[in-house]
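Q: The following block contains the structure, expressed as structure tokens.
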Amino acid sequence: MFLFKQRKFFLTTIVAGIILSFTTASSSNADYSKFPKFHRFPNQPLSRGRVQNIILFIGDGMGDSEITIARNYSVGAAGRLFIDTLPFTGEYTTYSIQEQNPKLPDYVTDSAASGTGWATGNKTSNGRISTTVGTDKDLKTILELAKQRGYKTGDVSTAELTDATPAVLLSHVSDRSCQGPQDMANCPQDKKSAGGPGSIAEQSIDHDVDVLLGGGKQRYDQIIDGGNYVGKTVIDAAKARGYQVVTNAAQLQMAQPASKLLGLFSPGNMSLEWAGQAAIPYPGSGPQRCIENQRPTNEPSLADMTNKAISLLKQKAGRGGFFLQVEGASIDKRDHAGNPCEQIGETVALDRAVKVALEYAKNHPDTLIVVTADHGHTSQIIPPPTASNHSPGKFSTLITADEAEMTVNYATNLPAQSQEHTGTQVRIAAQGPQGENVVGVLDQTDLFHILARAIGAE
Ligand SMILES: [Zn+2]
């Protein structure tokens, strides 16, 4: 019996060894040639219900950890945010591909490549805005498709309107830094004076998007260097193309649906909602409670912008439909900065914007609402620090809605440096017709196909 067992062990070891060497050999010769097309959208959708409108929310850098931190702080661990109430939930992978070797993944994406993924259905390299890796060809976006099919369109962000996430819907440039006509150092071929489509700001106007709301006025104040509006600012060009331009919350409320709307509420990114002490290395900052209501009243909240955008798009659409993207941009930016209160304030602001859409959908159940992120980020909930056991990074302890202490850690880079995105999969959630299609493990590019099918383009 002993011998038999021993023999069996040997046989098992030999078989395992053969399998192992076979696996090793095959993976070292792995065929990556099909890699960019590896993830294919399942061609059997779970739902085909009729979709009138689409409202897409992107929490920039809003991974599961960021959602959990905001939930714990604002409503407690057993509480639920509005974004938690959407009935269908899946996860999607977010990797981009390498510019020099597009057969290989870049495991940590940025907002430009990830945005190109969900907006066009194509993987690209970090920094690219809806253009192909290597060959720099334009990729058709879901907003362009929706517009072609008669949908009214809107693009809203708390960042500059020319930042990566809003940009991927309405522009095509080789580098995300090419935000205004005077910012074109990294995309000389895209300049209007070189016969290109111009900067992101110029392209946003040329796309005739019905409602554009966010920050980034400094880009639209720049002088255009070529084409029909040479010598004018982008704002002047916008007015010449029929836009009404508003720059504060009161003007936004007065805006009428008769013309297209460009709202620029800040020179750069819009102001933050909350304040608090930044994370620092051991012993960390806090325990602290966040300081709320920090946004100046002349800047609209993300919920206000969402509400107005929906109202205008609905009136413009009449019996037709609309496509609206709403980005909570500074979740990411304050994650980079390692400031938990500022990060949570922006997450809660996005949640309140989602609430606006959920309220709208009560009376318009043919509205597909999708809430997702573009990539994961650095913040993590960790155990309370002690002298002998603590993070080598920086952290802060918050007193949550549970009246308990929660330590939030930032350790994806040296404490003095900008903290990094992470390569984790992130949540995608949905409500409304065809919302079931987000369940399972998807890739970011699948979202494009879900939306394209919802507007009848696939
Ligand atoms: Zn970022």
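Residue numbers for the sequence shown follow the numbering used here, beginning at 1047 and rising by one.
Here a beta-carbon is modelled for each residue, glycine too, at the ideal position from N, C-alpha and C.
Quick caveat, the model's predicted, so the values are computed rather than measured.
For Val1276, I'd like the list of residues in its chain whose CB is within less than 6 Å of its CB, leaving aside the five on either flank, ordered along the chain.
A: Same-chain partners within the cutoff: Ile1270.
Q: What number of angstroms, rounded off, separates the C-alpha of Ala1498 from the C-alpha of Gln1302?
A: Cα-Cα distance, rounded: 29 Å.
Q: Can the beta-carbon of Ile1175 be found less than 8 Å from the beta-carbon of Ala1213?
A: Yes, Cβ-Cβ distance for Ile1175 and Ala1213 is below 8 Å.
Q: Return the chain-ordered ranges of every beta strand (DSSP E) run that is complete within the segment 1083–1148 and spans a minimum of 3 residues.
A: Taking only runs of at least 3 residues, the beta strand (DSSP E) segments lying wholly in the segment 1083–1148 are 1099–1105, 1134–1139.
Q: Going by DSSP in three states, Arg1341 sits in which element: helix, strand or coil?
A: DSSP places Arg1341 in coil when its eight states are reduced to three.
Q: Out of Asn1118, Gly1261, Pro1327, state which residue places its alpha-carbon closest to the alpha-carbon of Val1291.
A: The shortest Cα separation from Val1291 among Asn1118, Gly1261, Pro1327 belongs to Gly1261.
Q: Can you determine whether any heavy atom of ligand 1 sits closer than 7 Å to the C-beta of Asp1378, and answer yes or no?
A: Checking every heavy atom of ligand 1 against the Cβ of Asp1378, one is found closer than 7 Å.
Q: Is Met1261 a contact residue of ligand 1, with contact defined as CB to any heavy atom under 7 Å?
A: The sequence given here has Gly at residue 1261, not Met. No, Cβ of Gly1261 sits at least 7 Å from all heavy atoms of ligand 1.
Q: Here's the rule I'm using: 16 or more other beta-carbon atoms within 10 Å means buried, otherwise exposed. How should Pro1329 be labelled?
A: By the 10 Å Cβ count, Pro1329 comes out exposed.
Q: For the segment 1336–1389, which segments carrying the alpha helix (DSSP H) assignment without a break, of at least 4 residues, lie completely within its bounds, in sequence order?
A: For the segment 1336–1389, whole alpha helix (DSSP H) runs of length 4 or above, ordered along the chain, are 1348–1363, 1376–1383.
Q: What's the gap between the Cα of Thr1140 and the Cα of His1436?
A: Rounded to the nearest angstrom, the two C-alpha atoms are 30 Å apart.
Q: Near Ala1296, what residues of its chain come up, given a Cβ to Cβ distance below 7 Å and the 5 sequence neighbours on each side ignored?
A: Around Ala1296: no qualifying Cβ.
Q: With DSSP as the reference, label Phe1441 as helix, strand or coil.
A: Strand, per DSSP.
Q: For a minimum of 3 consecutive residues, which ranges assigned as the beta strand (DSSP E) are wholly contained in the segment 1387–1438?
A: As far as the segment 1387–1438 is concerned, its whole beta strand (DSSP E) runs of at least 3 residues are 1413–1419, 1426–1428.
Q: Under the rule that 16 or more other beta-carbon atoms within 10 Å means buried, what is Thr1491, buried or exposed?
A: With 16 or more Cβ atoms within 10 Å of its Cβ, Thr1491 is classed as buried.
Q: To the nearest angstrom, how far is it from the Cα of Phe1084 to the Cα of Gly1180?
A: Residue confidence is low: Phe1084 scores 42 on pLDDT, short of 50, so the model does not pin down where it sits. Its coordinate-derived value is still stated next. C-alpha separation (whole angstroms): 19 Å.
Q: Taking the alpha carbon of Phe1368 as the reference point, which residue from Val1257, Lys1285, Gly1288, Ser1220 has its own alpha carbon closest?
A: The shortest Cα separation from Phe1368 among Val1257, Lys1285, Gly1288, Ser1220 belongs to Val1257.
Q: Taking only three categories from DSSP, how would you classify Thr1166?
A: It is helical.
Q: In angstroms, rounded to a whole number, what distance separates the CA positions of Tyr1197 and Lys1362?
A: Taking the straight line joining both Cα atoms gives about 10 Å.
Q: Please say whether Ala1447 and Pro1386 have beta carbons closer to each other than 8 Å?
A: Cβ distance not < 8 Å, so Pro1386 and Ala1447 don't count as in contact.
Q: Is it buried or exposed, Leu1444, if we count other Cβ atoms within 10 angstroms and call 16 or more buried?
A: Buried, because 16 or more other Cβ atoms sit within 10 Å of the Cβ of Leu1444.
Q: In angstroms with no decimal places, state the Cα-to-Cα distance between Glu1112 and Asp1130.
A: So the alpha carbons of these two residues sit roughly 13 Å apart.
Q: Could you check whether the Cβ of Gly1107 sits closer than 7 Å to any heavy atom belonging to ligand 1?
A: Yes.
Q: Would you report the Cα separation of Ala1503 and Asn1118, rounded to the nearest angstrom?
A: Taking the straight line from one Cα to the other gives about 40 Å.
Q: Starting from Lys1193, follow the beta strand (DSSP E) in both directions and report where the run begins and ends.
A: Note, Lys1193: premise wrong, no beta strand (DSSP E); alpha helix (DSSP H) at 1188–1194.
Q: Quick one, are the C-beta atoms of Ala1399 and Leu1358 less than 8 Å apart?
A: Contact: no.
Q: Of the choices Asp1156, Gly1136, Ile1115, Asp1106, whose alpha-carbon is the least far from that of Glu1482?
A: Among Asp1156, Gly1136, Ile1115, Asp1106, the Cα nearest to that of Glu1482 is on Gly1136.
Q: In chain order, what residues of the same chain have a beta carbon less than 6 Å from the beta carbon of Ala1076, not counting five sequence neighbours either side?
A: Here Ala1076 scores only 46 on pLDDT, less than 50, and its place in the model should not be relied on; the value that follows carries that caveat. Once the five neighbours on either side are set aside, Ala1076 has no close Cβ partner at all.
Q: Classify Ile1337: buried if its beta carbon has 16 or more other beta carbons within 10 angstroms, exposed otherwise.
A: Exposed, by the Cβ-count rule.
Q: Sort out for me which residues DSSP pairs Ala1321 with in a bridge.
A: Answer by DSSP bridge pairing, in chain order: Ile1337.
Q: Apart from the five residues on each side of it in sequence, which residues of its chain come closer than 8 Å, Cβ to Cβ, to Ser1067?
A: Low confidence applies here, because Ser1067 scores a pLDDT of 39, under 50, leaving its location unreliable; read the following figure in that light. Within the same chain, Ser1067 has no close Cβ partners at all.
Q: In whole angstroms, what is the alpha-carbon distance linking Arg1040 and Gln1264?
A: Past the edges of the chain, shown from 1047 to 1504, lies residue 1040, and the structure says nothing about it.
Q: What residue range is occupied by the uninterrupted beta strand (DSSP E) comprising Gln1290?
A: Note, Gln1290: beta strand (DSSP E), 1289–1292.
Q: Do you know whose CA, among Gly1486, Asp1110, Ala1500, lies nearest Asn1469's CA?
A: What sits at residue 1469 in the sequence shown is Gly, not Asn. If we check each option's Cα against that of Gly1469, Asp1110 comes out closest.
Q: Taking Gly1374 as the reference, give the member of Lys1193, Asp1106, Pro1148 with the closest Cα.
A: The shortest Cα separation from Gly1374 among Lys1193, Asp1106, Pro1148 belongs to Asp1106.
Q: Could you name the residues of the same chain whose beta carbon sits closer than 6 Å to that of Val1487, not counting the 5 residues immediately before and after it, in chain order?
A: Cβ within range, chain order: Glu1137.
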